[in-house]
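In the working numbering, the protein residues as written are 1 to 213.
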Amino acid sequence: MLVSCGIYNDIAKTAYLVKQQQQQQQQQQQGGQAAAGGQRGKGAGPAGPGGLEDVAQEVYRVVLFCVFFAEVNLLGKLPVAGAALNVLLLSWLYAYYCYDYKWGLQGVHLTERLAYFERRWAFFSGFGLPMALATVLLSFYVGAAVLAVLFPVFILVACDSDVNAAHDRVVGPGGAAQLRHLPIFALALWPTQRIVRAVTGTGGGAAGAGGGK
């Protein structure tokens, strides 16, 4: 699993660079050289003081998703609705992991990632569903093997996909804006802030994920 994590990161970097090269070539063909590379700077912050802030954000992100994963397991043990909740939450978890590589390379801040994800919850639930079903329906080792094959493929899809365009095709123009914001991570944010505050002696940096773009 540790080796795979390093490989997944390399896959995401390569796919992201290829996607940027394709976009630059298209822009040059259309005479839009001035817009080439416009996506690179989104939320990227300055090089100097951003270093420590990036580390703090990464620590917060790790704690948040450890807490969220624990909640997924706990809610999965509930009677009647537990199995369905487990599949749904795992779908969101795997989908976030896949897109997190892309957002990290784009320099998108954690609060912006969470807000974007919670506004487009329907798309991401469907995106992560095949991986969640592989985990739930198959035995542990078989499911882990299938997931290890599916996950890098879905990272490639995430790096190449346009979530807003997918919403527009299904729901119509501005489809993402028609969905209500769903606070998927709200339950995990409070204990995360408590844990980070206890460890660092400061307030948690990425407080809510409300309002998405």
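Using N, Cα and C, we set each Cβ at its ideal position, and we do this for glycine too. None of these values were measured; they are calculated from a predicted model.
Neighbourhood of residue i by C-beta, 7 Å cutoff - its chain only, sequence neighbours within 5 removed
| i | result |
| --- | --- |
| A132 | V87, L90, S91 and Y94 |
| L187 | E71 |
| R61 | L110 |
| S295 | Because residue 295 is not part of the residues shown, which for the chain are 1 to 213, the question remains open. |
| F123 | V163, A166 and H167 |
| V171 | Q178 |
Residue i versus residue j: straight-line alpha-carbon distance, rounded
| i | j | result |
| --- | --- | --- |
| C98 | V142 | 21 Å |
| R113 | G126 | 18 Å |
| A166 | C159 | 14 Å |
| E53 | V80 | 43 Å |
| P130 | Y96 | 14 Å |
| A44 | Q24 | Bear in mind that a pLDDT of 37 at A44, under 50, signals an unreliable position, so the model cannot answer this. |
| N73 | R169 | 34 Å |
| R120 | S161 | 14 Å |
| G41 | A15 | In this predicted model, G41 has a pLDDT of only 41, less than 50, meaning its place in the structure is not dependable; the value taken from the coordinates is given anyway. Looking at the two C-alpha atoms, the distance is approximately 17 Å. |
| T200 | G31 | 50 Å |
| L78 | C66 | 19 Å |
| A104 | L179 | At residue 104 the sequence reads Gly, which differs from the Ala that was named. One C-alpha to the other measures close to 25 Å. |
| V196 | Q26 | 44 Å |
| Q20 | A134 | 31 Å |
| L17 | F140 | 34 Å |
| G82 | D100 | 26 Å |
Rounded distance between the beta-carbons of residue j and residue i, thought under 8 Å
| i | j | result |
| --- | --- | --- |
| L138 | V146 | 6 Å |
| F154 | F68 | In fact, because the Cβ distance is near 19 Å, the residues do not count as touching under 8 Å. |
| Y8 | P191 | Rounded, the Cβ-Cβ distance is 27 Å, inconsistent with contact. |
| L85 | G76 | 6 Å |
| I11 | L156 | 7 Å |
Boundaries of the alpha helix (DSSP H) in which residue i is found, first to last residue
| i | result |
| --- | --- |
| H167 | V163 to V171 |
| M130 | The amino acid at residue 130 is misidentified as Met; the sequence shows Pro. Unbroken alpha helix (DSSP H) run through P130: W121 to L137. |
| R197 | A186 to T200 |
| P224 | This structure does not reach residue 224, given that the chain is present from 1 up to 213, and the question cannot be answered. |
| A214 | For the chain, the structure presents residues 1 to 213; residue 214 sits outside this window and is missing. |
| Q20 | L2 to Q29 |
Own chain partners of residue i with C-beta closer than 8 Å, once the 5 adjacent residues on each side are dropped
| i | result |
| --- | --- |
| G48 | Any reading at G48 must be qualified, since the residue scores a pLDDT of 40, below 50, and its modelled position is unreliable; no value is offered. |
Close beta carbons around residue i, own chain, < 6 Å, minus the five adjacent residues each side
| i | result |
| --- | --- |
| L250 | The structure shown has nothing for residue 250, since the chain only spans 1 to 213. |
| V136 | V87 |
Residue-level contact to chain D via CB, residue i, 8 Å cutoff
| i | result |
| --- | --- |
| W103 | Checking the listed chains, one finds no chain D in this structure; it contains a single protein chain. |
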